[in-house]
Amino acid sequence: MCEDKEYKGQCRTLTVETAFCRNVPVDMIDRISSIRNNDRDDNTCTWYRELNCRGDSYNNQNDGNLADGNGHFNDSIRSLECRRKN
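Oh and the sequence shown: position 64 is 63 in numbering that gives the first Met the number 0, straight run, nothing missing.
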């Protein structure tokens, strides 16, 4: 996850235990403009607008510009949950 589009600016890589909600680091709350699930071949992640995996969700695994389209998730992601693919 990065604060600017196309994976620029401050970026963070998180190791996430599957099937558990993870809040994004405090310094990234309301600042994320691009996301990528580096383990998308084995897992799928859901990104949430609220802490503790609540609120509106987004399932794209690789989005270099959250501001395009309706921009609903740009600078709005606060938590995520990843699950193993079946």
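Positions of the beta carbon are idealized from the N, C-alpha and C atoms, including for glycine.
Sub-8 Å separation of Asp62 and Asp29 beta-carbons: No, the Cβ-Cβ distance between Asp62 and Asp29 is not below 8 Å.
Please look up how many angstroms separate the CB atoms of Ser33 and Tyr57, rounded, as I've assumed it's under 8 Å. About 12 Å; that fails the 8 Å criterion.
Under 8 Å, do Arg21 and Leu79 count as touching if we go by C-beta distance? Contact check for Arg21 against Leu79 passes: the beta carbons are separated by less than 8 Å.
Residues of its chain near Arg53, where Cβ-Cβ distance is below 8 Å and the 5 sequence neighbours each way are ignored: Excluding positions up to five away in sequence, the list reads Tyr47 and Ser78.
So is Asn36 buried or exposed if we call it buried at 16+ other beta carbons inside 10 Å? When all chains shown are included, Asn36 counts as buried.
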